[in-house]
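Remarks on the structure that follows.
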Amino acid sequence: MKLLRRIWHEFDDRTGIASLWEWVGCHPVPPGTGWWYVFGSATLLAFIIQIVTGIALATMYVPSAAHAYNSLQYISHQALLGHFLRGLHYFGASAMVLLVGIHVMRVFLHGSYKYPRELNWLTGVVLLFLTLGMAFTGQLLRWDNVAVWSVIVGAEQAGRAPVLGKYIAHFILAGDTVGGATLTRFFAIHVFMIPAAIFAFLGAHLMLVLKHGISEPPVAGRPVDPKTYRKWYENLLEREGRPFWLDAAWRDAVFGVAMIVVLVILAVVVGAPHLAAPPDPTIMEAYPRPDWYFLWYFAVLALLPSSLETPVILFGPLLFGAILILVPIFGSKGERHPLRRPWAIGTVILIWVTIGTLCIEGERAPWSPDFNAQPLSTQVVGATSGPVYEGAILFHKKGCEFCHSIAGQGGHRGPDLTYVADRLTPAEMTIRIANGAQLMPAFGGILSSEQLNDLVSFLKTRKRPVPQGNNVQSNAVASTSH
Ligand code: HEC
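Residue numbering for the sequence shown is 3 to 484, as defined by our numbering.
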């Protein structure tokens, strides 16, 4: 016993571990911190679970385009505990995204970002984006059809940025298209780059939490005044402070254990997400649906009219980031209690309702090709024989209608073609159909030239009706002269 104490003494003398524990574990916290304060530590715990399961998965996963899919099949079906590990990593990711969201919301509602904790908030904003970055890059490592689709969308989004867009997209994809190099790059980003950044910012975040102390629960009518706050807070801790361990930490521990239990149950019962078909750009019947945490964002992309798409895609995240950065800069003083900041409650409700609605919309996935699209009705086509009619048949049979709608019929992945002839000349249509585009397959090798002509003959008729009728007539002439 004496020897043990001696060893401990010597160890502590060299490391200073006791005073570290004193500082970290026993620092005083203000009274009344309740269950609302557990989400930060729970996010941290989820991150630790991700590190452990991630490292375990990395011992079996092969980050190469040729083998990734098979190695995942191996992990899921053969490796010892592989299925469980994948499940835990997946649900751990979900938990981390969800918890970081709740944590941000709590801090926002309590006004905890106010003086002197502005930098806590700003490092937290970075951590929020890094977490989303992990979720996004992780999805591609699944390297199935769905994963590849979401990355194409992500790269397309980055590609819209002025000037730099091309280079960013090129960097993300490690080339001009999704390929083997893309996977290697995402692997490096997911496993080394973002985690390293998370460690750095997490370290800063936790240091700041210790330095400034946990914010006291807000009280209406007690605004933050930078001139007096520090003194007042120190007094509060002196008078009523409790040691973090165990007066506040027991809630973190209880919540953390409960979270682990739930995650383990989910990993065992529900298991890892099903692997879709291996990536194959020629297979149209992909079911491009991202994991739930990005469903709402994909819904935004899908639902926007195409004229708004670029500005929203480009400035939406920037604006969101800018607002988050401005929150503590302009709101560092004043009332903290949510009841004295009704707009804060309103903002949070608005955000959750919006995201919820978009998730439901995303679940219906209007952007994915609609494989149930029915043939266009005669009423819409306006012809019962001839090239226009044949073209309309092809429009359904060749799958154009999966992605394009006309007069309300068909999918919405591509632009609505109801009035396409107002925007494009027949030659432009031919080129587009034959060559495809970033999100549209090239049909040049699939259609005979006669079929292509028929399709264009049909699309040529898709004009906005002109009241005088001149245009309609010339249209009819044009299509019969074929
Ligand atoms: C997988 C979905 C998909 C399929 C299938 C598809 N398209 Fe497209 N199409 C798109 C997308 C997406 C665009 C927008 C191009 C872009 O993003 O650059 C587009 C663009 C077009 C355009 C240009 C529209 C404009 O307003 O600029 C035409 C015309 C067109 N497609 C015709 C067709 C025809 C005809 C077929 C069938 C032979 C077809 N598409 C099949 C997704 C698809």
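Heads up, the beta-carbon is just placed ideally off N, CA and C, and yes, glycines get one too.
Beta-carbon proximity list for residue i, same chain, < 8 Å, skipping 5 on both sides
i	result
G182	S66, A67 and A68
V479	Any reading at V479 needs caution, since the residue's pLDDT is 44, under 50, leaving its predicted position unreliable; the model's value is listed next. Contacts found: none.
W145	A67, A70, Y71, L74, L185, P280 and P281
L132	I196, A199, I200 and F203
M286	For M286, the predicted model reports a pLDDT of 49, less than 50, meaning its position is unreliable and no value from the coordinates is stated.
V272	G89 and F93
I433	none
L22	none
T129	Looking at the sequence itself, residue 129 is Leu, so the reference to Thr does not match. Closer than 8 Å at Cβ, skipping near neighbours: V102, I200, F203, L204 and H207.
R16	none
G34	E218 and P219
V1	Residue 1 lies beyond the stretch modelled for the chain, which goes from 3 to 484, so this question has no answer here.
L172	The question names Leu, but residue 172 is His in the sequence shown. Here the set comprises D178.
Other residues of its chain near residue i: CB distance less than 6 Å, five sequence neighbours each side excluded
i	result
P330	Y115, E120 and W123
I51	G94
P235	For the record, residue 235 in the displayed sequence is Tyr; it is not Pro. Here the set comprises nothing.
A394	L378, V383 and F460
P292	S152 and F300
A149	Q141 and L142
L326	V127
V530	The structure shown does not extend to residue 530, since the chain is modelled only from 3 to 484, so the question has no answer here.
R187	A176
Y485	For the chain, the structure presents residues 3 to 484; residue 485 sits outside this window and is missing.
Y295	V99 and A137
V422	L461 and R464
A278	D146, N147 and V148
P275	Y92
G336	P225
Closer than 8 Å: residue i CB and nearest ligand 3 heavy atom
i	result
P417	The model depicted lacks ligand 3 and carries ligand 1 instead.
Residues sharing a beta bridge with residue i, DSSP
i	result
I408	Q411
M2	Residue 2 cannot be examined here, being either before or after the span of the chain that is shown, 3 to 484.
G223	Paired residues: none, contrary to the question.
R244	V31
Same chain, Cβ closer than 7 Å to residue i, neighbours up to 5 away in sequence not counted
i	result
V211	N122
A163	I170 and L316
M209	none
D14	A20
A269	F86, G89, L90 and F93
L239	P30, P32 and G215
V180	V150, V153 and I154
Test: residue i CB closer than 9 Å to a CB of chain C
i	result
I200	The structure shown contains no chain C; it holds only a single protein chain.
Hey, is the stretch 48-60 in contact with the stretch 214-228, meaning 3+ C-beta pairs nearer than 8 Å?
no
Three Cβ pairs or more, each shorter than 8 Å: is that satisfied between the stretch 67-82 and the stretch 95-110?
no
Ignoring anything shorter than 4 residues, give me the alpha helix (DSSP H) runs that lie fully in the stretch 58-83, in order along the chain.
70-79
Three Cβ pairs or more, each shorter than 8 Å: is that satisfied between the stretch 333-351 and the stretch 368-388?
no
Taking contact to mean at least 3 C-beta pairs separated by less than 8 Å, is the stretch 17-30 in contact with the stretch 243-253?
yes
I want to know whether the stretch 130-145 touches the stretch 188-197 - three or more CB-CB distances under 8 Å.
yes
Ignoring anything shorter than 4 residues or poking outside the stretch 306-380, list the alpha helix (DSSP H) runs there in chain order.
308-332 and 344-366
Tell me whether the stretch 213-220 and the stretch 167-175 touch, counting them as touching only if at least three CB pairs, one residue from each stretch, are closer than 8 Å.
no
Please go through the stretch 379-403 and give each complete alpha helix (DSSP H) segment of 4 or more residues, from N-terminal end onward.
380-383 and 388-399
For the 8 Å Cβ check, are there 3 or more pairs between the stretch 408-427 and the stretch 446-455?
no
Inside the stretch 147-191 only - alpha helix (DSSP H) runs reaching at least 4 residues:
147-161, 167-175 and 182-190
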